[in-house]
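These protein sequence lines map, in sequence, to chains A and B.
Take the first sequence: its position 345, counted from the start at 1, is 577 in the working numbering, and no numbers get skipped.
Take the second sequence: its position 288, counted from the start at 1, is 274 in the working numbering, and no numbers get skipped.
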Amino acid sequence: MNAAAERLGPLAGVRVTELASEHGAFAGKIFADLGADVVVVEPPGGHGSRLFEPFLDDIGGPERSLWWWHYNTGKLGVTIDLDDEYDVDRFRTLVASSDIVLEGEPPGRLAAYGLDYGDLAPKDEHLVWVSITPFGRANPRAQEPVTDLTILAAAGPAWSCGYDDHSLPPVRPGGNQGYHTASLWAVMGALVALWARRRLGTGQFVDVSMHAASNVTTEAATYEWLVAHATVERQTFRHAAIRPTPPRLIRAFDGGYVIGALPRHASEFTALIDWMVELSLADAFDEFFFLEMAVERGGIVVSGIEIDPEAAAIGLAGNDALRFLAEHLPAKDFFLGAQRRGLPVGIVYAPEDVIEDEHFVARGFPVHIYHEDLDRWLIYPGAPFHASASPWRVRGRAPHIGEHNGAAFDTTGSRENPVATASGLNGEGRERWKSSNPV
Amino acid sequence: MGAEVIRVEDPVKEGSWDALRGMPPFVDDRRGRDLGGAFNNHNVEKLGVTLNLRTDRGKELLRELVAVSDVVTENFSADVLARLGFSYEELRAIKDDIIYVSNSGFGHAGPYRKFKTWGPIVQACCGLAFSTGIAGQPPAGIGFSYMDHHGASFMAIAILAALIHRDRTGEGQWIDISCTDAGALLTGPAILDYTVNDRPLRRPHSPDSNRSPSPQMAPHGIYPSAGEDNWIAIACRNDRDWRHMAALIGPDSAADERWTNLAGRVAAQDDLDRLIAEWTRSQGRDELAADLRRVGVPATAVQRPAERMDDDAGTLDWELWPTVTHREMGKVRVDGIPIHLSKTDWIIERGAPCLGEHNNDVFGGLLGHSNEELREMREAGVL
């Protein structure tokens, strides 16, 4: 581990109380990996997500879920029974020592316990309270049951994913991305509130809608409708579009998949020509002439393809050239060969390919985390970015059930307030949002 | 969220640094670099300036901008900005506590750092595209640049965290975002299944992202319904959900004892999915989804864009599609923000800047250059 990795994270001294939830766990992990003290609160016996597959060696059990392990790295774990009077006091104590409360409870549940933002914030006005719910606290749809699948189906992502063959269903993006999207927005909201706190002197309520979050993550499907009232259609391995675009997915010589991107610049066409000549494939490629024409023209402008038949023919030839080369090379040779020649192409990696690939290894993306209870070092995904002064760092394994029932309370009252002093940014909020006083 | 964001573009190639500027959709028959609907959607509330960084005067102006900024962001491939004289070290010499954020496909370190990427390439190379598909078919990929959004989400998180760090320590820093690292983080449990259990995602019958292996749920899928290209998504989270759904399907077809517990339903999921597809095929998806939700089972139509933007209380009551005013395009609806803050909420009113729209405001008003200087710089091709 190098010196940079030993530096404190940017949120060192920030304390987060997280009520364990399936959809907010990733937000809690981000806080913890950024250096905050995150205390994840579970019911006695552990939160239900401890029973999510996959399990260590495929043997089930609340301390063996790889799902739990991944989403709860670096957190402290406590158990609290909200039906128990003594435990409720412990919860209040924990909240009082926190800068941020992160929860994904169904709207109304915490209020029923007298433990909602409206109940606790008046006593602790520095509190930033982040609520992640399916539709937001005050939405007419707030009580509808959802999962990641139904969020992604209702909010747009599934409509844009799938195959050219529309007898096959639309496809949910894999890996619980609806929860990830909501969690990323929850962290952004919490950090904005923490930043604003130094100007306002108080915290605030951050209402996160999972449905809204995935709705604004779909790019063209949204603005094609908002701007031009046009509806995109899903296509195999390329952007959903108004009009069909040429196939992109190519099965390489070894059976792996790669994708090309439409060559545009003269230099890209020159690279294709040189590569084909180098591999003695130029004579076997019927459209070689168009590649040379592209170089003479100085490349093509994508937006001109609609009105310029020659540019369209060249564009097709460029695509075909990539396909032709890929079909003659193993996927990785094609990927590296094309990219080293300045051609933007991709290889379709499975997660297991990524974690072993030399680039990701060189960046330090796979990190080794010690599980002293198993006496094993296990490889986890690491940081999404490098930060020179205050790095993201996976600080340790996920907690066992109630592992920190004692320790988590020792630091009570030691709240640092790292953002309470400096001068304010500009930026005026509008009137209090209607859900700021959640029912 | 209220920050003052100045977008610097190249005047020489008519703003073609960003291909979206002149790309569809358009609000009417007009075309041009200031009329692209996608560009407007992604750049609301920003100020837009032009700077020719091939000129010394252009570089000098960028240095002046850096000197009054908290954060500088860029998303070129590795070394592009350094070649122009704007590496982190050089910016730090201008403003010691600057937060410098590079956002690129493969980051600024590692053997692929100079590789060129677009959203689909990032998603292919990070494992997300492979993770999305139906068993027995090639990977479907994600049909939009999901990681353009979340590369930017991690970027915003990194910036806010760095601002908090700067507040406490006085220290700026360099942040190197690799969108492929960020995307790979979003496949976490699949990575652990491999590194811990030695089980790759690339195996027979896998992946099938309309199913739910983590946590296990069945039935769990997207099923056909009445009408053309109409689909309903249904997720039974547990035996209780299944009992309620089975009661709707009817006693005969749902009585199979294989279905009574999760293990049985998962083991015979192909048969179960066939049964459910037969049941859903002739029914209207909205009515059926409402029936299922009424008994507590998560279900929804796979909504078309029009449905989720024009006819969905989930987005409309949230005020998710604000209308901005763009200088050339007029009034246009755009993506809003999926969080509401009780004291400092977002405001989105102004459309994206036309090319160089705020040159006078920024170089004159903010940096204090006279009209005469600005005119000279325009004539010299600096702006």
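Cβ coordinates follow ideal geometry from the N, Cα and C atoms, glycine included.
The model shown is predicted, which means the values in this text are computed figures rather than measured ones.
Output needed for residue i: all residues of its chain with C-beta closer than 6 Å, excluding positions within five of it in sequence on either side, in chain order.
i                    : result
cysteine 165(B)      : Gly91, Val108, Met133 and Gly137
glycine 34(B)        : Arg(-7), Pro339, Glu343 and His344
threonine 365(A)     : Pro339
alanine 640(A)       : Val271, Leu308 and Val310
arginine 271(B)      : Ser211, Asn216, Ile218 and Ala287
tyrosine 303(A)      : Ala257, Phe258 and Lys261
valine 368(B)        : Asn38, Thr41, Arg43 and Gly44
tryptophan 301(A)    : Ala630
phenylalanine 592(A) : Val586
aspartate 319(A)     : Ile312 and Asp313
asparagine 89(B)     : Asn61, Gly137, Met141 and Ile163
glutamate 50(B)      : Leu353
glycine 278(A)       : Pro294 and Ile633
Could you name the residues of chain A that residue i contacts, counting a contact when the two beta carbons are closer than 7 Å?
i                 : result
tryptophan 217(B) : Pro401 and Pro402
glutamine 202(B)  : Glu285
valine 320(B)     : Leu458
aspartate 179(B)  : Pro286 and Leu298
tryptophan 307(B) : Leu458
tryptophan 265(B) : Result: empty, since nearest Cβ-Cβ is about 15 Å, beyond 7 Å.
Mind reading off the beta-carbon distance from residue i to residue j? Whole number of angstroms is fine, and I expect it under 8 Å.
i                : j                    : result
valine 580(A)    : phenylalanine 116(B) : 5 Å
leucine 426(A)   : valine 360(A)        : 6 Å
valine 252(B)    : valine 13(B)         : About 49 Å; that fails the 8 Å criterion.
glycine 368(A)   : alanine 444(A)       : 7 Å
glycine 547(A)   : isoleucine 537(A)    : 5 Å
arginine 625(A)  : glycine 241(A)       : 6 Å
aspartate 167(B) : proline 616(A)       : 5 Å
Give the residues of chain E in contact with residue i, contact being defined as C-beta atoms less than 8 Å apart.
i              : result
alanine 472(A) : The structure shown contains no chain E; its protein chains are A and B.
So, for residue i: in the same chain, excluding its five sequence neighbours on each side, which residues have a beta-carbon less than 7 Å away from its beta-carbon?
i                : result
aspartate 552(A) : Glu519
valine 678(A)    : No information on residue 678(A) is available, as it lies outside the stretch 233 to 671 that chain A covers here.
arginine 647(A)  : In this prediction, arginine 647(A) has a pLDDT of 39, which is less than 50 and means its spatial position is unreliable; nothing more can be read from the coordinates.
alanine 254(B)   : Arg244
aspartate 160(B) : Correcting the residue type first, residue 160(B) is tryptophan in the shown sequence and not aspartate. Same-chain partners within the cutoff: Tyr74 and Tyr86.
asparagine 27(B) : Val320 and Asp321
Quick one: list the residues of chain A neighbouring residue i, beta-carbon separation under 9 Å, in chain order.
i              : result
leucine 234(B) : Chain A residues near leucine 234(B): none, gap ~15 Å exceeds 9 Å.
valine 283(B)  : Pro377
lysine -1(B)   : What lysine -1(B) touches in chain A: nothing, since even the nearest Cβ is about 11 Å away.
Looking only at its own chain, which residues have a Cβ that is under 8 Å from the Cβ of residue i, when we skip the five neighbours before and after it?
i                 : result
isoleucine 262(A) : Ser415, Leu416 and Val419
alanine 448(A)    : The question names alanine, but residue 448(A) in the sequence shown is valine. For valine 448(A), where only same-chain residues beyond five positions count, the Cβ hits under 8 Å are Thr454.
serine 356(B)     : Gly350
threonine 477(A)  : Gln467, Arg470 and His471
threonine 330(B)  : Met(-13) and Gly(-12)
arginine 608(A)   : Tyr602
alanine 233(B)    : Ala240 and Val281
glutamate -10(B)  : Leu33
Chain A partners of residue i, CB-CB under 8 Å?
i                 : result
arginine 279(B)   : Glu376 and Pro377
glutamine 159(B)  : Ala619, Ser620, Ala621 and Ser622
isoleucine 107(B) : Ile491, Ala493, Pro576, Val577 and Gly578
arginine 290(B)   : Trp391 and Thr463
Would you mind telling me which residues of chain B sit closer than 7 Å to residue i, beta carbon to beta carbon, in chain order?
i                : result
glutamate 590(A) : Pro97
aspartate 289(A) : Asn183
Query raised in the report: For the region 477 to 543 of chain A, which segments carrying the beta strand (DSSP E) assignment without a break, of at least 3 residues, lie completely within its bounds, in sequence order?
Result: Counting only runs of 3 or more, we get 481 to 483 and 489 to 492.
Query raised in the report: Quick check: the region 85 to 99 of chain B against the region 144 to 161 of chain B, are there 3 or more CB pairs under 8 Å?
Result: yes
Query raised in the report: Taking three-plus beta-carbon pairs below 8 Å as touching, is the region 310 to 322 of chain B in contact with the region 13 to 21 of chain B?
Result: yes
**Report entry** Inside the region 200 to 234 of chain B only - beta strand (DSSP E) runs reaching at least 3 residues
**Finding:** 206 to 210 and 217 to 221
**Report entry** the region 233 to 253 of chain B touching the region 184 to 194 of chain B, judged by at least three CB pairs closer than 8 Å
**Finding:** No: fewer than three Cβ pairs fall under 8 Å.
Query - Any 3 or more C-beta pairs closer than 8 Å across the region 601 to 614 of chain A and the region 208 to 219 of chain B - result: no
Query raised in the report: If you scan the region 76 to 133 of chain B from start to end, which runs of the alpha helix (DSSP H) of 4 or more residues do you find wholly inside it?
Result: You should have 105 to 111.
Report task. Tell me, please, whether the region 238 to 258 of chain A touches the region 323 to 334 of chain A by the rule of three or more beta-carbon pairs shorter than 8 Å. Result -> yes
Query raised in the report: When the Cβ atoms of the region 200 to 213 of chain B are set against those of the region 395 to 411 of chain A, are three or more pairs found closer than 8 Å?
Result: In the pairwise beta carbon analysis, the region 200 to 213 of chain B is classified as touching the region 395 to 411 of chain A: at least three pairs are separated by under 8 Å.
Query raised in the report: Unbroken beta strand (DSSP E) runs of length 3 or more, entirely within the region -10 to 16 of chain B: which are they?
Result: The region -10 to 16 of chain B contains these whole beta strand (DSSP E) runs: -8 to -5.
Requested in this report: Identify every run of the alpha helix (DSSP H) within the region 378 to 416 of chain A, keeping only runs that are complete inside it and at least 4 residues long; order them along the chain.
Outcome: Counting only runs of 4 or more residues that sit fully inside the region 378 to 416 of chain A, the alpha helix (DSSP H) segments are 380 to 386, in chain order.
Report task. Answer yes if the region 285 to 293 of chain B comes into contact with the region 381 to 394 of chain A, meaning at least three C-beta pairs across the two stretches below 8 Å, and no otherwise. Result -> Output reads yes: the region 285 to 293 of chain B touches the region 381 to 394 of chain A.
Requested in this report: Specify whether the region 369 to 379 of chain A and the region 265 to 285 of chain B touch according to this definition: at least 3 beta carbon pairs, one from each stretch, less than 8 Å apart.
Outcome: yes
Query raised in the report: Which residue spans inside the region 557 to 606 of chain A form an unbroken alpha helix (DSSP H) run of at least 4?
Result: Listed in chain order, they are 563 to 572, 583 to 588 and 590 to 594.
Query - Segment contact, 8 Å Cβ cut-off, at least three pairs: the region 523 to 535 of chain A with the region 585 to 603 of chain A - result: no
Query raised in the report: Is the region 345 to 360 of chain A in contact with the region 423 to 437 of chain A, if contact means three or more CB pairs nearer than 8 Å?
Result: Taking 8 Å as the limit for Cβ pairs, the verdict is that the region 423 to 437 of chain A does touch the region 345 to 360 of chain A.
Query raised in the report: At which residue ranges does the region 290 to 339 of chain A contain complete alpha helix (DSSP H) runs of 4 or more residues, listed in the order of the chain?
Result: Complete alpha helix (DSSP H) runs here, min 4: 298 to 303 and 317 to 328.
Query raised in the report: Between the region 99 to 108 of chain B and the region 173 to 180 of chain B, do at least 3 Cβ pairs fall closer than 8 Å?
Result: no
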